[in-house]
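Contents: one structure, followed by commentary.
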Amino acid sequence: ETRRAFVYPARHFASESTDPDLPAMGQRVRLRRGYPIAGFPRQARVVLRALKRYGMLLADNGSPWFVSGAPDPGWDNDALHALHRVPGRAFEVVDTSSLPRPG
Numbered sequence: 001e002t003r004r005a006f007v008y009p010a011r012h013f014a015s016e017s018t019d020p021d022l023p024a025m026g027q028r029v030r031l032r033r034g035y036p037i038a039g040f041p042r043q044a045r046v047v048l049r050a051l052k053r054y055g056m057l058l059a060d061n062g063s064p065w066f067v068s069g070a071p072d073p074g075w076d077n078d079a080l081h082a083l084h085r086v087p088g089r090a091f092e093v094v095d096t097s098s099l100p101r102p103g
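Sequential numbering from 1 applies to the sequence shown in my numbering.
This is the structure we're talking about:
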């Protein structure tokens, strides 16, 4: 769930909530550096390492902390389901205020 706000690169909001504790659409978060990933399946660890390095954008009001990606037969869906074990509190907000904006 997000609040009625958006930050670049998002171009719109998708919520009626004004709760300041909710994130804005487009907000970038990354998995905390110290979050333990050793107990996850190999393919899930690949995703978790990328989330630590690059983070992700909040882009939908679906299920809490639902992560989606492009389907590919090379991924093992059972291994990726382990990502559901990562709680929202394992992420930190990335300050993107100094990044350039288009236009």
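All C-beta atoms in this analysis are idealised placements derived from N, C-alpha and C, irrespective of residue type, glycine included. Values in this document were obtained by computation on a predicted structure and should not be read as measured data.
{"Asked": "Tell me, which residues are paired with residue 91 by DSSP?", "Found": "31"}
{"Asked": "Within the continuous alpha helix (DSSP H) that includes residue 59, where are the two ends?", "Found": "No alpha helix (DSSP H) contains residue 59, which DSSP labels as neither H nor E."}
{"Asked": "Take residue 42 as the anchor and find which of 81, 102, 17 has the nearest alpha-carbon.", "Found": "81"}
{"Asked": "What does the alpha-carbon distance come out to for the pair residue 76 and residue 87?", "Found": "21 angstroms"}
{"Asked": "If residue 30 sits next to residue 92, beta carbons under 8 angstroms apart, how far is it from one beta carbon to the other, in whole angstroms?", "Found": "6 angstroms"}
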